[in-house]
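Worksheet: one structure, shown below.
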Amino acid sequence: MFEFLGITPQALYSQLLVGLINGSFYAVLSLGLAVIFGMLNIINFAHGAQYMMGAFIAWMGLTQLGGWLGDSTLQINYWAMLLIAPLLTAAIGIAIERTMLSRLYKLDHLYGLLLTFGLALIIEGLFRYFYGVSGQPYEIPEVLQGALNLGFMFLPKYRAWVIVASLSVCFATWYMIERTKLGSYLRAGTENPRLVQAFGINVPLMITLTYGFGVALAAFAGVLAAPIFTVSPLMGADLIIVVFAVVVIGGMGSILGSIVTGLGLGLIEGLTKVFYSEASAVVIFVIMVIVLLVRPAGLFGRER
Amino acid sequence: MNADTELLRVTGLHAFYGDSHILHGMDFVVNRGEVVTLLGRNGAGRTTTLRAILGLTGTRSGSIMVNGRETIAMATHDIAHLGIGYCPEERGIFSALSAEENLLLPPAVASGGMTLAEIYTMFPNLQERRNSPGMRLSGGEQQMLAIARILRTGAKLLLLDEISEGLAPVIVQMLAGVIRELKSRGYTIVIVEQNFRFAAPLADRHYVIEHGRIVETVTMNELAAKMDRLHLLLGI
Chain A
6 MFEFLGITPQ ALYSQLLVGL INGSFYAVLS LGLAVIFGML NIINFAHGAQ
56 YMMGAFIAWM GLTQLGGWLG DSTLQINYWA MLLIAPLLTA AIGIAIERTM
106 LSRLYKLDHL YGLLLTFGLA LIIEGLFRYF YGVSGQPYEI PEVLQGALNL
156 GFMFLPKYRA WVIVASLSVC FATWYMIERT KLGSYLRAGT ENPRLVQAFG
206 INVPLMITLT YGFGVALAAF AGVLAAPIFT VSPLMGADLI IVVFAVVVIG
256 GMGSILGSIV TGLGLGLIEG LTKVFYSEAS AVVIFVIMVI VLLVRPAGLF
306 GRER
Chain B
5 MNADTELLRV TGLHAFYGDS HILHGMDFVV NRGEVVTLLG RNGAGRTTTL
55 RAILGLTGTR SGSIMVNGRE TIAMATHDIA HLGIGYCPEE RGIFSALSAE
105 ENLLLPPAVA SGGMTLAEIY TMFPNLQERR NSPGMRLSGG EQQMLAIARI
155 LRTGAKLLLL DEISEGLAPV IVQMLAGVIR ELKSRGYTIV IVEQNFRFAA
205 PLADRHYVIE HGRIVETVTM NELAAKMDRL HLLLGI
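What follows is the structure in structure tokens.
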């Protein structure tokens, strides 16, 4: 199809797949940021570190736990960790929200951003101190090893799973927020938290749980990422900058916007790799600049 | 007066927004089934009084007894569960929610709330607009919705802030009918009102607020006799 440009269909499909995988991570991570920003008015700069913690907890459960407890057969597998790692990371997030973030809600966004930025540096520094910067490998669970032959390309099973799992989580989150009673509390709370509380809803608790949920999304993405990218203390720092660009393009706080933009930009990044790979590292930021100039509130954001 | 008839007793209430001291020792009582107004000029502290009852101001001190319970140290959401429904001055319709989602939003705080069917009988316009986004409703529809949604919750004490403000006379008349209907159903209502002609025929008692305190109490029977004094206080 694109042979005249010197591009084989195989290269195109495989880059589109890589784009879709990256887009899935962008979508889950920017969704978590959007949920947190909507309810807490805080730009959670620790999101990348929480994603990294999710991956590390999964890795520890599989390879370290047995050694710590003196029984090398003891390990927590990937599937259990898809649940446990987000819950553990969320619990840590909730402790952070209760003790620190909750003091900043009345101040400008900037303070929350600075605090979470500091926390991210501390968390990443701690992991670097204990585990170094070189990545730890994490094996793909057995059922997802190998590839499917789709006729026009080979699709590694694990990558297919990542896309399905991310999109399911995104859809479930969107449905919960836009179509359920609990979601209507969240949407109303985003708009006017004091009034929602005056109706008798425990808004402070809702805020705490929302932060926990956003953090859990990051950790879930981290567990999904563990077998694809190596598990390293800086894996989140590398990714989060792109994710912030995604959030800016989609519009701060927009649920659907963050999902669609995340996937779309992953694909654009993949396509750029095929057609002009030199630009692939910057294409998202170029788009961000253009969007900021034309629509400062983002593609899906509401002007305030 | 005793605790059986009293639903709300405010004593020595002081309230602040940041550094500004708005309420300077409010004292008033609202009995079960009464309609009471808080009158006063702009900035006298009427809206702040309603907000302070729900703990929506900054620091508060003094005493606010709701149904015999001291609420001055309680969290806003717990106060609401004593059976209070609040309709804020700005109406507070959530733009991200449809009309019906707005209506269904406030959780039940007591038993005996109106059903959706009863509410739609009382406010037929809202049934027609049930799927419209909150921000697409007209001012009158938003006001009806803001009142309707607290009737579902079972709240028996309604705090209504400036419900006639900026609305066409026909809608104001309709709202006056709603207040009478609610009173006949046994609701206790505190109305903050600028529009004295709207409030006067509805209320059992009027409290006039100036500089964050009650400066005059006028019962329905005294209304004619105290009209001159009211004109002076309210500048009407």
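Residue numbers (the working numbering), protein chains in the order written: chain A, 6 to 309; chain B, 5 to 240. Positions of the beta carbon are idealized from the N, C-alpha and C atoms, including for glycine.
Around Ser189 (chain A), the beta-carbon contacts reaching into chain B at under 7 Å are Leu101, Glu105, Leu109. Listed in chain order, the non-local C-beta contacts of Gly44 (chain B) below 8 Å within the same chain comprise Arg50, Val212, Ile213, Glu214, Leu237, Leu238, local neighbours out to five positions each way being set aside. Taking CB atoms only, Tyr90 (chain B) has a neighbour in chain A less than 8 Å away. For Asp165 (chain B), the beta-bridge partners assigned by DSSP are B:Val196. Apart from the 5 residues on each side of it in sequence, Val208 (chain A) sits with its Cβ closer than 7 Å to the Cβ of Gly194, Pro198, Val201, Gln202 in its chain, given in chain order. In the DSSP secondary-structure assignment, Arg13 (chain B) is bridged to B:Val33, B:Met69. For Arg233 (chain B), the enclosing alpha helix (DSSP H) starts and ends at 231 to 238. DSSP places Thr94 (chain A) inside the alpha helix (DSSP H), whose first and last residues are 83 to 104.
Chain B has no Cβ within less than 8 Å of the Cβ of Val288 (chain A).
Rounded to the nearest whole angstrom, the CA to CA distance from Val291 (chain A) to Ala284 (chain A) is 9 Å. Distance from the CA atom of Ser29 (chain A) to the CA atom of Ile245 (chain A), rounded to whole angstroms, is 14 Å.
Look at Ala302 (chain A): its C-beta is not under 8 Å from any C-beta on chain B. When 7 Å is used as the limit between beta carbons, Phe20 (chain B) is near no residue of chain A, the shortest such separation being about 15 Å. Each of B:Leu171, B:Ala48, B:Met118 was checked against the Cα of His28 (chain B), and the nearest Cα belongs to B:Ala48. It is roughly 14 Å from the alpha-carbon of Gly89 (chain B) to the alpha-carbon of Asn106 (chain B).
Within chain A, the residues whose beta carbon sits less than 7 Å from that of Ala84 (chain B) are Ala203, Phe204, Gly205, listed in sequence order.
Sorting B:Leu161, B:Ala229, B:His235 by C-alpha distance to the C-alpha of Leu58 (chain B) places B:Leu161 at the top.
Nearest Cα to Pro137 (chain B) within the set B:Ala103, B:His85, B:Ala150: B:Ala103. Residue environment for Gly72 (chain A): exposed (fewer than 16 other C-beta atoms within 10 angstroms of its C-beta).
Among the residues facing chain A, Gly143 (chain B) is not included, as its CB has no counterpart in that chain under 8 Å away. The region 111 to 124 of chain B makes contact with the region 153 to 172 of chain B, as at least three CB pairs between them are under 8 Å.
In the three-state reduction of the DSSP assignment, Gly190 (chain B) falls in the coil class, being assigned neither a helical nor a strand state. In this structure, Gly16 (chain B) keeps its C-beta atom at 8 Å or more from the C-beta atom of Ser99 (chain B). Within chain A, Arg199, Gln202, Ala203, Gly205, Val208 have C-beta atoms less than 9 Å from the C-beta of Thr80 (chain B), given in sequence order. Contact annotation: the region 21 to 40 of chain B touches the region 215 to 224 of chain B, with at least three C-beta pairs closer than 8 Å. Secondary structure note for Tyr110 (chain A): it is in no alpha helix (DSSP H), with a DSSP letter that is neither H nor E. Neighbours of Leu58 (chain B) across chain A, judged by C-beta separation under 7 Å: Ala203. The three-state reading of DSSP puts Asn154 (chain A) in strand, counting E and B together.
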